[in-house]
Amino acid sequence: MATYHCKLGSPQGKVRNLILEGRDESTLRENLEKQGYFVFSVIPDSNHSSVAGIFSRLLRGKSDKQLIAFCRQMATMLRSGLSLDRALALMSDQSDDVVVRGLYGRMAADVKTGLAFSDIMGKNPDHFPELLVRSVKAGEAAGSLPEVLNNHARFTEAQRKLRSTLTQAFVYPGFLLMVSVCVLAYLLVSVMPKFREIFTSMGASLPWITQFVIGISDFLVDRSPLLLVVLFALIYELREWYATTSGRRKVHGFFLKLPIIGDLILKYSILRIISTMTTLLRGGLSLTDSLRIVVSTVGNQVLYESLQSTIPRVESGVPLSEALSSTGHFPQMVDQIIRVGEESGSMIELLDGLGEHYQIEVSELTELLATAAEPALMLATALVAGTVVISMFLPVIQMSMSVKF
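Take the position in the sequence shown, starting the count at 1, then add 213; the result is the number in the working numbering.
Here's what the structure looks like:
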């Protein structure tokens with residue numbers, strides 16, 4: 214998902230500047246227009262990959278916690294008999310965050326004017342995801358708003374824990390890789406040139422491995438400005454290419470074919486699809502409406518297009534299990550369980566069980582990949598760094614042996 218700076222006109226005639234995430238510019242525009250906004254501009258966030266962009270994404274955990282607390286507290290107060298505007302006013306009074314306090318206060322005022330709770334949420338897409346807005350709309354119609362809010366809180370909490378597990382599993386391997394690259398760069402750029410001067414002054418005959426490493430070191434030192442320019446140009450071009458649909462399709466398709474990693478991506482995506490679908494169906498949305506929202510949550514372009522292709526078929530009356538099976542990207546077990554759910558009328562219960570199965574699968578694969586990555590990186594680092602160190606000291610050993618002889 215990419216980040217965009219959006220300038221919007223609200224249905225009330227106010228101009229708003231928001232930072233939103235979307236699959237691409239056209240999809241984000243379409244979603245905003247469906248919510249009643251007039252879109253002035255949608256500009257990609259150039260800082261999305263910068264330190265500032267990374268830091269802003271790290272704050273996502275905080276917003277998730279706020280959303281979970283909001284849903285749970287609102288569900289509790291509504292179930293206890295408080296009116297919607299009174300519950301929002303209490304939420305505003307209890308909040309320590311100035312921005313959040315103001316938001317809840319405005320929402321309470323909007324409720325008093327007669328606006329529906331879902332419409333009020335839809336006016337604040339930077340705080341309330343479309344998934345929640347649509348679920349609340351269905352909950353309002355069915356009279357099950359507290360249950361919908363509780364379901365969304367459980368869903369968001371499960372997704373937050375899963376993201377946290379995946380992040381923690383790869384923190385150490387990522388740190389190890391970064392340290393390894395820094396150590397290798399230091400040896401080649403700073404240490405090796407000094408050894409080369411020593412060898413040159415002594416007129417030593419250098420082994421082929423030492424000559425090879427010195428050649429790499431000289432190239433890095435002499436051509437470093439050019440290499441940096443080429444590197445930044447390559448990164449820019451790759452980012453531009455990846456921003457296209459065809460670029461994402463090729464990259465995501467490549468990752469899906471990788472052993473273990475591809476399996477993890479597929480099962481994580483299926484878990485998200487199942488969890489989101491279950492939450493929406495339990496909230497009272499129809500299958501086709503749920504499917505449209507689920508599609509927007511899929512991050513892999515290949516799976517996104519596969520799932521997108523099922524919508525017109527399901528709308529025309531084709532069973533979801535058959536539509537999914539025809540894509541060729543979803544395991545047979547998923548198709549079969551959904552087929553049983555369609556035939557028995559117990560889709561939500563079966564999807565719950567399927568979600569638990571994939572939760573276990575994703576956890577096991579994450580642990581396996583993290584466990585395998587650490588020794589693999591350590592071995593690769595030892596081999597590369599060891600080769601450089603041996604190339605530095607091999608001539609010294611040879612000279613000492615010849616002098617001794």
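Glycine residues also receive a C-beta, built at the ideal position from the N, C-alpha and C atoms.
Determine contact between the segment 476-489 and the segment 319-329, defined as no fewer than three beta-carbon pairs at a distance below 8 Å.
no
Helix or strand or just coil, what does DSSP make of L221?
Position 8 of the sequence shown holds residue 221. Strand.
Endpoints, the beta strand (DSSP E) within which V252 is located
In the sequence shown, the residue the question calls residue 252 occupies position 39. Start and end: 251-257.
Tell me the rounded alpha-carbon separation between V442 and R505.
Translated into positions along the sequence shown, residue 442 becomes position 229. Translated into positions along the sequence shown, residue 505 becomes position 292. When rounded, the distance between both Cα atoms is 43 Å.
Nearest to E528 by alpha carbon, out of L500, T584, A398?
Here residue 528 is taken as the residue at index 315 of the sequence shown, counted from 1. It is L500 whose Cα lies nearest to the Cα of E528.
Taking only the alpha-carbon atoms, compute the straight-line gap between L271 and G222 and give it to the nearest angstrom.
Counted from its first residue, the sequence shown places residue 271 at position 58. Counted from its first residue, the sequence shown places residue 222 at position 9. Per-residue confidence for L271 stands at a pLDDT of 41, beneath the threshold of 50, marking its modelled position as unreliable; the derived number appears in the next sentence. In a straight line, the C-alpha of L271 is about 28 Å away from that of G222.
Going by beta-carbon coordinates alone, are L419 and P608 separated by less than 7 Å?
Position 206 of the sequence shown holds residue 419. Position 395 of the sequence shown holds residue 608. For L419 and P608, yes; Cβs fall inside 7 Å.
Cα separation between E246 and V252?
Taking the first residue of the sequence shown as position 1, residue 246 is located at position 33. Taking the first residue of the sequence shown as position 1, residue 252 is located at position 39. Looking at the two C-alpha atoms, the distance is approximately 7 Å.
Comparing C-alpha positions only, which one of V311, I232, T458, R409 sits nearest to N513?
Along the sequence shown, read from residue 1 onward, the residue named residue 513 stands at position 300. Per the Cα distances, T458.
Leaving aside the five residues before and after E574 along the sequence, list all residues of the same chain whose C-beta is less than 6 Å from its C-beta, in chain order.
Sequence index remark: in the sequence shown, residue 574 carries index 361 (1-based). K480, listed in sequence order.
When the Cα atoms are used, what is the spatial distance from V508 to V312?
On the sequence shown, position 295 is the one that residue 508 refers to. On the sequence shown, position 99 is the one that residue 312 refers to. Rounded to whole angstroms, V508 to V312 spans 31 Å at the Cα level.
Is it the case that the Cβ atoms of E587 and P386 are separated by a distance below 7 Å?
Sequence index remark: in the sequence shown, residue 587 carries index 374 (1-based). Sequence index remark: in the sequence shown, residue 386 carries index 173 (1-based). Taking 7 Å as the Cβ cut-off, E587 and P386 qualify as a contacting pair.
Measuring alpha carbon to alpha carbon, tell me which residue in T510, I473, L596, Q545 is nearest A583.
As a first step, residue 583 must be located in the sequence shown, where it is residue number 370. Nearest C-alpha to A583: I473.
With the cut-off set at 7 Å, would you say G335 and G496 are in Cβ contact?
Along the sequence shown, one-based indexing puts residue 335 at 122. Along the sequence shown, one-based indexing puts residue 496 at 283. No.
Assuming contact is defined by CB atoms lying nearer than 7 Å, are S348 and H365 in contact in what I supplied?
Position 135 of the sequence shown, counted from the first residue, corresponds to residue 348. Position 152 of the sequence shown, counted from the first residue, corresponds to residue 365. Yes; because the gap between Cβ atoms is below 7 Å, this pair is in contact.
Pull up the DSSP beta-bridge partners for V531, would you.
Residue mapping note: residue 531 aligns to position 318 of the sequence shown, counting from 1. In the DSSP output, where bridge partners are listed per residue, V531 has none listed.
For N230, which residues does DSSP report across the bridge?
As a first step, residue 230 is located in the sequence shown; it is residue number 17 there, counting from the start. For N230, which the question treats as bridged, DSSP gives the partners K220.
Which of the three DSSP states is assigned to H465 in this structure?
As a position in the sequence shown, residue 465 is number 252, starting the count at 1. Helix, per DSSP.
Pick from T240, R242, L362: whose alpha carbon is nearest that of L297?
Numbered from its first residue, the sequence shown carries residue 297 at position 84. Here the closest residue by C-alpha is L362.
Whose C-alpha, out of S293, E450, S308, is nearest the C-alpha of F283?
As a working mapping, residue 283 is identified with position 70 in the sequence shown. Closest by alpha carbon: S308.
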